[in-house]
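Okay, so here's the structure we're looking at.
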Amino acid sequence: MKKIIYIFSCLALTLTISCEDFLDNTPKSVLFEESLVTPENVEGFITSAYAALGNDHYDTPFSLWPYGNVRSDDAYKGGSGTNDIQAFHFFEVSNNIRTDFGELDRLWYNCYVGISRANKAIGALNKIDENDFPLKSTRLGEMHFVRAHFYFMLKVMFKHVPYVTEATLPEEYNLISNRDLSDNELWEAIASDFEYAANHTPDSQAQVGRINKYAAYAYLAKTRLYQAYEQDENYNVTNINQQTLQKVVDATDEILGAFSLEPDYAFNFLSGSYENGPESIFAIQYSDNDGTLYGRLNFGDVLSVPQGLGCCDFHKPSQNLVNAFKTNSDGLPMFDTYNDTDLDYHQLNNYDVDPRLYHTVAIPGLPFKYHPDYTYEENWNRSPGTYFYFASLKENVQPDCDCFVNIDPFYGNSKNRIIIRYADVLLMRAEALIELGKHNDALPIINEIRSRASVSTTLTSSYTSNNFIKQYEDGVNCNWTQDFARQALRWERRLEFAMEGSRFFDLVRWGIASETLNAFYAEEKTKISYYLEAGFDKNKEEYCPIPLAQINFSQGLYQQNTGY
């Protein structure tokens, strides 16, 4: 809120009118906040809030790849070595994570910029008459969604954050602690914003990229799913709330049938006409050749371009993740033995694999992003002695695409980043059903995902012949108990959303981050020297520390997370 301070001096010897008369008049050339609330300016506030969704940077990416993927068993940091963005290295090995990391402070700050812009827009919308601005209700729904989106990111990253809304006065900011709301109350506040958005946005919008009610219900389901796994102050999962799980099912009810899976998994990660496809529920919209210097590019993911194409070969799929795509003689995951031997990319035909491998991981000797003229080679890797030879595919584009833009020394692209797709809605629903004891109802949902995966060879069939994946058949190739269904669901989430920024947060939600990552580290220590320092500290490293700069800014009002 703009503060306008008026300083007046009433000197009887120099004024011909009284001070009282002077103060009763409207000063000229003074802009009152009320005069800013016009339809045009309100739309400007809304556009600014939308723009914040893409205002990230390579070391503060909103895709959260350093925290959701590199921090898990799915990815290595990459780059020139362990000192290249060293904070991300420390997250990779869960060691020396400090409160003074500038990357965390900037991410926190950027999220609150987005929240501030949404609050500004909501405040302005509340002041304008609907007769002057007929889209008032819809736009309010959109802004509540944007605000909740940023709070969701902060919540999964830091757990305890200060909650401010359009009703919070600037002079109250220094009175709001990051512990004013309990864990559950903060989830409830986020869910309330998504519920508001669901009730105030239409089924569809004329402008691509605007939030609609299905995006709101999808994000509401995601929020309720996280909320259902109740944690104590030491981040142990103490209860899975059945009533909250039912709210996940209820929210997904609103979306079923409105979207569909892409006929081929690959289509979710292609540019151009494939963007905003039938599976994309909410995506960040990017652009090029739009009159700006470089275009509205995905700056948060520029580092993942292989060195053979540009810079800088970060965000590298782990051998463990590649091994997880192997399938057994029944076409099912190798739950217990997948990591006994490493998949050797020199002898691919010695293994049966889930076809999603070839849409997730760039493998030496195969076309990069399906392009026959660009073969991904070992020498495309920047530091193979440290991070080996795989690269991430999903966020990257074909090298000859007009959307691939040189922003020296980096290469960006204008392909949209999908935040929630229909597959996520289906698997969130399946997870809730399994934890509600309705695992038989989850079976066809998981099989629908696997069925799509099995036919996802449209772009790879010319150079792969070892794709083999089957559906689960209770009593035939598995015993579909609740425990088995839970294991199958968790495996399906890992493969379906690999390298999309969610793996670590799933592990924390399920309460298995420590056991999963320490088992991963134990194996990696036998192969990679820098993993000798790795070790996940349970009851501490499930969340990032509150940035020290923010604690100092609050003059000690904010409380640090457990263990830091």
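Residues in the sequence shown are numbered from 1 upward in steps of one, following the UniProt record's numbering.
All C-beta atoms in this analysis are idealised placements derived from N, C-alpha and C, irrespective of residue type, glycine included.
Per DSSP, residue i is paired with what?
i: N119; result: According to DSSP, which records beta bridges pairwise, N119 is partnered with nothing at all.
i: V353; result: K326 and N467
i: Q231; result: V237
i: D474; result: C478
i: residue 590; result: This structure leaves residue 590 out entirely; the chain is present only between 1 and 564.
i: S204; result: Per DSSP, none; premise fails for S204.
i: residue 594; result: Given that the chain is displayed from residue 1 to residue 564, the structure contains no residue 594 and the question cannot be resolved.
i: S304; result: The partner list for S304 (beta bridge, DSSP) is empty, contrary to what the question assumes.
i: F368; result: H371
i: P333; result: T327
i: S392; result: V361
If I measure Cβ to Cβ from residue i and keep anything under 7 Å in the same chain, skipping five residues before and after, which residues do I get?
i: K136; result: L125, I128 and E130
i: F194; result: F145, A148, A216, Y219, L220 and T223
i: D21; result: At D21 the pLDDT is 37, less than 50, meaning the model places this residue with poor confidence; the figure from the coordinates comes in the next sentence. Cβ within range, chain order: n/a, list empty.
i: P27; result: Low local confidence applies: a pLDDT of 43 at P27 is under 50, so the model's placement there is unreliable, and no value is given.
i: E542; result: Y235, V508 and A513
i: K247; result: R224
i: G501; result: S63, L64, W65, G68 and N69
i: P61; result: G300 and D301
i: T244; result: R224, Q227 and A228
i: H346; result: none
i: T138; result: H200, T201 and P202
Considering only residues of the same chain and omitting the five flanking positions on each side of residue i, which have a CB-CB separation below 6 Å?
i: I551; result: Y558
i: S72; result: R503 and F504
i: V156; result: F505
i: D441; result: L433
i: residue 567; result: The requested residue 567 is not part of the displayed model; the chain covers only 1 to 564.
i: Y151; result: I190
i: W491; result: P333
i: K77; result: V70, F88, H89 and E92
i: L517; result: F536
Starting from residue i and walking both ways along the alpha helix (DSSP H), at which residues does that stretch end?
i: K213; result: K213 to A228
i: A283; result: First-last for A283: S280 to I284, but that is the beta strand (DSSP E), not the alpha helix (DSSP H).
i: F88; result: Q86 to V93
i: H359; result: L357 to T360
i: Y521; result: A513 to E524
i: N323; result: Q319 to A324
i: N41; result: P39 to A52
i: S96; result: The sequence given here places Asn at residue 96; Ser does not occur at that position. Run containing N96: none; DSSP gives neither H nor E here.
i: G78; result: That residue, G78, is in no alpha helix (DSSP H); its beta strand (DSSP E) goes A75 to G78.
i: V508; result: R503 to W510
i: A549; result: L548 to F553
i: P66; result: W65 to G68
i: P384; result: P384 to Y387
Taking the continuous beta strand (DSSP E) assigned at residue i, which residues delimit it?
i: N239; result: V237 to I240
i: T375; result: H371 to T375
i: I420; result: R417 to R421
i: I449; result: Note, I449: premise wrong, no beta strand (DSSP E); alpha helix (DSSP H) at H439 to S454.
i: Y411; result: F410 to N413
i: K136; result: First-last for K136: K136 to F158, but that is the alpha helix (DSSP H), not the beta strand (DSSP E).
i: F484; result: Not the beta strand (DSSP E): F484 falls in the alpha helix (DSSP H), residues Q482 to E496.
i: F404; result: F404 to I407
Relative to the alpha-carbon of residue i, which residue among the options has its alpha-carbon at the smallest distance?
i: A513; options: G535, M499, L495 and E496; result: G535
i: F484; options: L548, L443, N55 and F282; result: L443
i: Q487; options: A75, P333 and C403; result: P333
i: W380; options: S63, G308, Y358 and L104; result: G308
i: D400; options: E492, S392, P372 and R382; result: P372
i: R450; options: T327, D105, Y67 and G475; result: T327
i: N339; options: F520, T60 and W65; result: F520
i: F553; options: M143, E431, Y173 and D336; result: Y173
i: T526; options: A498, G511, T341 and F282; result: T341
i: V249; options: A522, R429 and N349; result: R429
i: S454; options: E262, V237 and D344; result: E262
i: V353; options: T460, I445 and V237; result: T460
i: G406; options: F335, L293 and E395; result: The question names Gly, but residue 406 is Asn in the sequence shown. Here the closest residue by C-alpha is L293.
CB-CB under 8 Å to residue i, same chain, minus the five flanking residues each way: which ones, in chain order?
i: residue 575; result: Beyond the ends of the chain as shown, which are 1 and 564, falls residue 575; an answer cannot be given.
i: R106; result: H57, D59 and T60
i: Y376; result: P306, G308, A362, I363, P364, G365, L366, P367, F368 and A391
The stretch 455-471 contacting the stretch 357-368, beta-carbon criterion three pairs below 8 Å: yes
At a cut of 8 Å, does the stretch 478-497 reach the stretch 286-295 through at least three beta carbon pairs? no
Cβ contact check for the stretch 311-330 and the stretch 376-390: 3 or more pairs under 8 Å: yes
Evaluate contact between the stretch 195-208 and the stretch 167-183, counting only Cβ atoms and requiring at least three cross-stretch pairs below 8 Å. no
State whether the stretch 413-430 contacts the stretch 262-273, with contact taken as three or more CB pairs (one from each stretch) at a distance under 8 Å. yes
Count the C-beta pairs between the stretch 42-61 and the stretch 346-359 that are closer than 8 Å, then say yes if the count reaches three, no if not. no
Counting beta carbon pairs with one atom in the stretch 38-47 and one in the stretch 100-113, are three or more of them shorter than 8 Å? no
Between the stretch 408-417 and the stretch 290-298, do at least 3 Cβ pairs fall closer than 8 Å? yes
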